[in-house]
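The listed protein sequences derive, respectively, from chains A and B. Each residue of the first sequence is one higher than the one before, starting from 1 at the first, in this note's numbering. Each residue of the second sequence is one higher than the one before, starting from 1001 at the first, in this note's numbering. We put the beta carbon where it would ideally sit given N, CA and C, even for glycine. Here the structure is a predicted model, which means the values were calculated and not measured. Worksheet: one structure, shown below.
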Amino acid sequence: MMLQGKRSWVFEQPPVIIATGTVVGPDEGQGPLAADFDLVHPDMEIGQPTWEKSEKVLMEQATEIALQHAKLPQDKLNFFVGGDLMNQIISTTFAVRQLEAPYIGVFGACSTSMESLAVASLLVSTGAAEYVMAGTCSHNCTVEKQFRYPTEYGSQKPPTAQYTVTGAGASILARSGDGPIVTAATIGKIMDLGIKDPFNMGAAMAPAAVDTIQGHFQETGRDPGYYDLIVTGDLAGVGHPLASEMLQRNGVPMDRTTFNDCGLMIYDVEKQKVQAGGSGCACSAVVAYGHLLKRIRRGDLKRILVVATGALLSPLSYQQGESIPCVAHAVAIEAGNPGQGGANG
Amino acid sequence: MAVKGAGRGPGAYKPVSMSSKEYQAFAKAREPSRSIWTNCLKAFLVGGIICTIGQGVTQFFITVFNMSSRDAGNPTVAVMILLAVILTSMGVYDKIAQWAGAGSAVPVTGFANSMCSAAIEHRAEGLVLGVGANMFKLAGSVIVFGVVAAFVVGIVYWLFGIGAWHDVTG
């Protein structure tokens, strides 16, 4: 049975992540995970005249690197599933023009990384596709421009604010091959407990992460101890402790696993000026596809659960006094079975 | 807490059942504190430094160009705006502001920064729809409420005739 409970998929034919591509900007390049990214740009402009074009280039490069790693000609891709934070998800759409792959655009704010991976996994697992690429990107300056103030505007950010990751991550899924496998996914529902402060998205998103994590365990029958590591996407220094405390209150034995957050891992939060930590679509994408999958391939980790969190607000909605609806999608990634398939073409 | 060790199967965990009100109080109680006094002190220091620089510029126009203290006002504002625009263009002003808070936002340099940053940011959308339409995106409300406040103060002045000393000393 692939559907378990109401919203979890346990893949009988687990798709294989045969390759990934990760690209980041200068701040991520100074963070503790720098060595795990395929390409680190020394500046935010990336040789482009506008921030929007810079973000698009990040996504283009991540897709190119993933294809190179997979040694896969791009016309073999059945679908591209992805999105980003920009209005009308322009960064991803513009970037995948050159791929010529049939395109499924998705939006889940910063949860897009795992939303796209879950959809891509479903497509491959059910036989609806041979090869699917999932990808997402974000750029600190495009997000500042669209959601907050002009990048050079002097406003003081509160300690609850987060720093949007500049980067892009892409993965290629196949029915067989070498690499970590996607064994399950749980789709989140919208959680909104009335937080209105766009400078405190960690607190807004924490209940969504808790709901999806609990739903995942209950529906799949798995236990926190099943995973070596459970990471949330970008709850950062404010939201992650809130989620931990709520899980503990609800009786989820998170002490049986390691519980961390991509937004806390990608930067040196003490030294780098990132307030509560990282955020953005690329945050969980580059940490999962760069750092965590490398650790799985090294044998360092066997089973992980990535719970990407997204704050689905728009500048319009919060100016009109609306609260911030949030969502979290969980994807379970495990070390592949070495005997599962041969090298892939 | 009673379910510790159960950890398996539906119903083992309590659902997320906090009401919005409860959760907001829960989150608020765990929010990192914002050090108001430190921020006030920093704002006082940086605001004071900016004003002292402005006073120095005024003094310069008075002594070098033999201006009256009133005439030196306009060129002083122009110099301060120029300095703020240069610092904004070099990407420094926002870094000062993260430390200084209101200290760098309240003086005229903050106003210049709000216009300059918007102009730079929206240059990509062209001169008319980008720079022209967005330059006052942040500064516009300062002007609107400044004019409204001036209007109210003007009415008070007209009704009560207070501030007549201004004509004498002016």
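Under DSSP, the alpha helix (DSSP H) around residue i begins and ends at which residues?
| i | result |
| --- | --- |
| T1052(B) | 1036-1064 |
| I187(A) | No alpha helix (DSSP H) contains I187(A), which DSSP labels as neither H nor E. |
| G1091(B) | That residue, G1091(B), is in no alpha helix (DSSP H); it is neither H nor E in DSSP. |
| C262(A) | 262-265 |
| S121(A) | 112-125 |
| T93(A) | 90-95 |
| Y1157(B) | 1139-1160 |
| Y318(A) | 315-319 |
| S1033(B) | Where S1033(B) is concerned, there is no enclosing alpha helix (DSSP H), given that its DSSP letter is neither H nor E. |
| L58(A) | 51-70 |
| L1127(B) | Run containing L1127(B): none; DSSP gives neither H nor E here. |
Short check: CB of residue i to CB of residue j, under 8 Å?
| i | j | result |
| --- | --- | --- |
| L229(A) | A206(A) | no |
| A184(A) | T232(A) | no |
| V210(A) | L173(A) | no |
| G154(A) | G1146(B) | no |
| S1089(B) | C1116(B) | yes |
| G83(A) | F107(A) | yes |
| V286(A) | G167(A) | yes |
| L58(A) | Q74(A) | no |
| L293(A) | T63(A) | no |
| A208(A) | I195(A) | no |
| L313(A) | V327(A) | no |
| A1118(B) | L1087(B) | no |
From what residue to what residue does the beta strand (DSSP E) around residue i run?
| i | result |
| --- | --- |
| A328(A) | 326-334 |
| N200(A) | From DSSP, N200(A) is part of no beta strand (DSSP E); its letter is neither H nor E. |
| V81(A) | 79-84 |
| R303(A) | 303-311 |
| L33(A) | Looking at the DSSP string, L33(A) is not in any beta strand (DSSP E), and its letter there is neither H nor E. |
| M133(A) | 131-138 |
| G18(A) | Per the sequence shown, the amino acid found at residue 18(A) is Ile instead of Gly. Counting along the chain, the beta strand (DSSP E) containing I18(A) begins and ends at 16-24. |
| G237(A) | Segment 236-249 is the alpha helix (DSSP H) holding G237(A); no beta strand (DSSP E) there. |
State buried or exposed for residue i, treating a residue as buried only when at least 16 other CB atoms are found within 10 Å of its CB.
| i | result |
| --- | --- |
| S1141(B) | exposed |
| E322(A) | exposed |
| A1006(B) | Below a pLDDT of 50, predicted positions are generally treated as unreliable, and A1006(B), at 40, falls in that range; no measurement from the model is reported. |
| P150(A) | buried |
| R298(A) | exposed |
| R97(A) | exposed |
| C1040(B) | exposed |
| V1156(B) | exposed |
| G188(A) | buried |
| R222(A) | buried |
| A109(A) | buried |
| P15(A) | buried |
| K1004(B) | Any answer about K1004(B) is weak, because its pLDDT of 38 lies below 50 and its placement is not dependable; what the coordinates show is given next. With fewer than 16 other Cβ atoms within 10 Å, it is exposed. |
| G1091(B) | exposed |
| L1045(B) | exposed |
| A243(A) | buried |
| Q347(A) | The shown model of chain A, from 1 to 345, leaves out residue 347(A), and the question about it has no answer. |
| K1021(B) | exposed |
To the nearest angstrom, report how far apart residue i and residue j are at their CA atoms.
| i | j | result |
| --- | --- | --- |
| M44(A) | M246(A) | 37 Å |
| A332(A) | Q214(A) | 14 Å |
| I304(A) | K71(A) | 26 Å |
| I65(A) | L39(A) | 9 Å |
| I17(A) | P180(A) | 6 Å |
| S1033(B) | A276(A) | 12 Å |
| A35(A) | E115(A) | 26 Å |
| D261(A) | A161(A) | 15 Å |
| F80(A) | Y131(A) | 9 Å |
| V165(A) | I1036(B) | 28 Å |
| V1144(B) | E334(A) | 58 Å |
| G341(A) | I296(A) | Since pLDDT at G341(A) reaches only 42, below the 50 mark, its modelled position is unreliable, and the value read off the structure follows with that caveat. Cα to Cα, G341(A) sits roughly 17 Å from I296(A). |
| Q218(A) | G263(A) | 26 Å |
| A1133(B) | I1120(B) | 12 Å |
| S111(A) | A282(A) | 9 Å |
| T1169(B) | A1149(B) | Because the pLDDT of T1169(B) is 45, which lies under 50, any placement of that residue in the model is unreliable, and the number read from its coordinates should be weighed accordingly. The alpha-carbon atoms of T1169(B) and A1149(B) are separated by roughly 24 Å. |
| A1002(B) | K1014(B) | Residue confidence for A1002(B) is low, a pLDDT of 37 falling below 50, so the modelled location carries little weight and cannot support an answer. |
| G237(A) | N87(A) | 27 Å |
| V252(A) | S91(A) | 38 Å |
| H216(A) | L1082(B) | 57 Å |
| P102(A) | K76(A) | 11 Å |
| A1027(B) | S279(A) | 19 Å |
Is the CB of residue i under 8 Å away from at least one CB in chain D?
| i | result |
| --- | --- |
| G1130(B) | Chain labels in this structure do not include chain D; the protein chains are A and B. |
Interfacial residues, the stretch 238-250 of chain A to chain B, with Cβ spacing under 9 Å | V238, G239, P241, L242, E245, M246, L247, Q248, R249, N250
Closer than 7 Å, Cβ to Cβ, to anything on chain A: give me those residues from the stretch 1026-1060 of chain B, in chain order.
-> A1027, R1030, E1031, P1032, R1034
Chain A contacts from the stretch 1106-1123 of chain B (Cβ-Cβ distance under 8 Å) = G1110, N1113, S1114, C1116, S1117, A1118, I1120, E1121, H1122
Relative to chain A, which residues along the stretch 1088-1101 of chain B have a C-beta separation below 7 Å, given in chain order?
-> T1088, G1091, Y1093, D1094, I1096, A1097, Q1098, G1101
With 8 Å as the limit, tell me which residues of the stretch 131-163 of chain A have their beta carbon closer than that to any beta carbon of chain B; keep them in chain order.
-> K145, Y149, P150, T151, E152, Y153, G154, S155, Q156, K157, P158, P159, T160
Check distances from the C-beta atoms of the stretch 291-325 of chain A to those of chain B and list, in chain order, the residues that come in under 7 Å.
-> none
If contact means a Cβ-Cβ distance below 8 Å, which residues of the stretch 207-218 of chain A contact chain B?
-> P207, V210, D211, Q214, F217, Q218
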